[in-house]
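Residue numbers (the numbering used here): 33 to 365.
A virtual CB, placed ideally from N, CA and C, is assigned to each residue, including glycine.
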């Protein structure tokens with residue numbers, strides 16, 4: 033005798049999260065952006081793990097297809113900050129590093145290291161090696177003697193001892209890391225890759241952000257402005273916070289809720305040839321001063337200047353100070 037499944041005779045109650053999927057996916061005419069409050073509530077449910085797997089996948093891909101608004105990203109960030117149990121630490125620069133490099137070495141790491149030697153307190157965070165063929169910050173921390181911290185107490189000690197700390201996203205926002213890791217399941221990056229750059233979990237004086245895709249820079253700047261953060265957003269090399277000396281750079285800034293823009297002209301008269309491979313030893317040789325290479329010299333000096341611009345220096349002062357810092361660096365690794 034065959035056992036047939038029971039008939040559904042009563043309409044099941046709708047899942048509380050379904051409303052947010054419906055808002056985003058109700059067709060060309062019916063769909064709309066989430067309000068800031070709706071975004072905060074939706075992300076709160078995600079972070080509290082009160083969402084079904086199918087709902088999460090649909091939610092992330094609908095956001096990706098629609099493209100996130102500044103209000104949505106501000107609301108998402110508020111939900112995370114409300115749940116984040118981080119101590120009050122003195123941080124000057126929030127430095128997210130989530131893209132990885134594939135064309136050039138990560139010269140931004142030397143820029144951060146040099147700034148930290150000169151008293152600038154920097155919190156870096158990243159999401160691991162999620163895309164093949166790229167070189168990620170996490171893979172170089174040991175090589176460059178940048179402290180890997182696995183809890184907030186270790187972050188505080190690293191900042192006090194050397195001014196620079198790196199903490200993986202998985203250790204302070206594991207739900208967000210899990211969504212980033214869905215990249216190879218869903219086949220596309222989710223909006224969390226962008227969101228991670230805005231979070232500024234320790235409330236640093238300035239948040240630096242790099243957004244590669246055109247049009248997103250202003251949206252990120254506006255989201256940080258809504259949150260009351262000071263931030264500078266650029267289209268950095270490879271998606272990392274690193275000025276490309278072979279191209280003009282547009283700075284999208286926000287300070288005290290007011291937006292500002294600044295154009296930085298390219299530094300190199302002609303385009304550099306891309307290296308055949310990414311040799312970590314070359315990165316260390318440049319730091320030690322064993323070799324002279326114009327591309328990294330320009331890239332890291334201008335990246336340090338960008339950071340100093342975010343801390344209140346004008347462009348000319350920032351470049352002058354960056355040159356002084358680099359010339360006086362402790363060259364030992």
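Among 189, 83, 108, 95, the one whose alpha carbon lies nearest that of residue 69
108
Is the region 233–240 close to the region 158–170, with three or more CB pairs under 8 angstroms?
no
Just to confirm the assignment, what range does the beta strand (DSSP E) spanning residue 263 have?
263–266
I'd like to check one pair, residue 278 with residue 377: are the Cβ atoms closer than 8 angstroms?
This structure cannot settle anything about residue 377, because the visible part of the chain is limited to 33 through 365.
Close-in-space but distant-in-sequence residues of the same chain around residue 140 (CB under 6 angstroms, 5 per side omitted):
272, 273, 274, 335
When you compare only the Cα positions, how much space is there between residue 276 and residue 298?
8 angstroms
Between the CA atoms of residue 288 and residue 317 - distance to the nearest angstrom
40 angstroms
Measuring alpha carbon to alpha carbon, tell me which residue in 48, 343, 65 is nearest residue 56.
65
Measure the alpha-carbon distance for residue 382 versus residue 54 and round it to whole angstroms.
Limits of the chain in this structure are 33 at one end and 365 at the other, which puts residue 382 out of reach.
With a threshold of 8 angstroms, are at least 3 pairs of Cβ atoms found where one atom belongs to the region 123–137 and the other to the region 221–234?
yes
Based on the DSSP output, what are the partners of residue 100 in its beta bridges?
Note: residue 100 sits in no beta bridge, so no partner.
Please classify residue 356: is it buried, with 16 or more other beta-carbons within 10 angstroms of its beta-carbon, or exposed?
exposed
Would you mind sorting residue 36 into buried or exposed? The rule is 16 or more other CB atoms within 10 Å of its CB.
exposed
Residue 147 beta carbon less than 8 angstroms from that of residue 188:
no
Smallest Cα separation from residue 242: which of 222, 263, 258?
263
Environment of residue 40 [buried if 16+ CB atoms lie within 10 Å]
exposed
Quick check on the DSSP output: the alpha helix (DSSP H) that includes residue 335 runs from which residue to which?
326–342
Starting from residue 196, follow its DSSP beta bridges and name the residues at the other end.
154
Excluding sequence positions up to five away, which residues of its chain have a Cβ less than 7 angstroms from the Cβ of residue 67?
103
Buried versus exposed, by CB contacts within 10 Å (16 or more), residue 226:
buried
Does DSSP put residue 133 in a helix, in a strand, or in coil?
strand
Residue 306 to residue 320, Cα distance in whole Å?
22 angstroms
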